[in-house]
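Numbering (the numbering used here), first residue to last: 746 to 1032.
Beta carbons: idealized from backbone N, C-alpha and C, even for Gly.
On a predicted model such as this, the values are computed, not experimentally measured, just so you know.
Right, one structure below, let's go through it.
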Amino acid sequence: MENTENNVKTEPTESADKKPASFTRRTAVIVGGSSGIGRETALKLSAKGYRVFNISRTSLKGERVRTITADAAQEGEVRGAIESIGEETGSFDLLIYSAGFSMAAPVEHAKSGDYRYLFEVNYFGAIEALKAAAPYLKKRGGRAVIVGSMGGDLPIPFDGFYSSSKAAVAMLAREADLELRKHGVRVSALLPGGTATDFTYSRRVYGEEESGSYSPSVKKASAALANMEQGGMNPSLVAESVLKLVEKKNPPPIAVVGVKNNVMRYLYKMLPERVTDYMVRKKFNQR
């Protein structure tokens, strides 16, 4: 990675159409916009006239989105990228945190480096992004959306670190919304269910040697999760939900994508945990 004063690298982008001098263009910053839900959201925002900055390790090429290269797992890189955007634009309207990592591993054998990396990307990166963006969002009464997961409400067998990080992200959004709303900024966590993206194929799945006696169960659970994701929602639908959420006058701190997922979340919260845990075991072939 090339080093600059902010330890980030800006990729070239296509020039946008010229607008009248009176036109005030809204600006969005997306962390993790090079693929999946983040990419779809970046494209939709750009199509609606937003000036879009993507912060990720790889570029979103061929689109009117500028990429600033940074790694959410490396302390200070996302903060430096956001501050460089803030210095250039003076303020911005929207922050979306969509960076994510998942691993399928038994708790007993999980490697410290793996689950610490997961939390750096999924949770601590979101904190750093919110901290860096807050001063710029306050200037415009902006919005922040953290992409969470239905997995934050329920345990996913052998993907518990991911579920834990998404539960933490939801609480982070609620807390930040409490603190920032008096400054005109609203923060929400958006919870999609299984979504058909390449995220499925980048999951770190422990093999037989790493999983030990848990190996057959890890295979069954990770296969069931992959099938659920690839048979799930289109990322474009989730991106549409992001846009609808940020355009609400009074957005909720927690929003769920889709009627079915809203009903499921309500039922899971009403039912005893031993019942929901049984349902999870059955769904992920852990009986």
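Excluding sequence positions up to five before and after A966, its CB lies within less than 8 Å of the CB of A849, I901, P902, F903, D904, F1029, N1030, Q1031, all in the same chain and listed in chain order. Residue A912 holds the alpha-carbon nearest to the alpha-carbon of L936 among H928, A912, A818, G781. If you draw a straight line from the Cα of G831 to the Cα of A878, it comes to about 8 Å. Around the beta-carbon of L990, 16 or more other beta-carbon atoms lie within 10 Å, marking it buried. Burial is judged here by how many other beta carbons sit within 10 angstroms of a residue's own beta carbon; P1017 has fewer than 16 and is exposed.
Here the stretch 982-1000 lies against the stretch 781-791, with 3 or more beta-carbon pairs under 8 Å apart. Rounded to whole angstroms, V963 and G886 show a C-alpha spacing of 45 Å. The Cβ atoms of P996 and R888 sit closer than 9 Å to each other.
Assignment of beta-bridge partners to N1007 by DSSP yields no partner. In the structure shown, the three-state DSSP call for S967 is helix. Here the alpha carbon of E820 sits roughly 16 Å from the alpha carbon of Y842.
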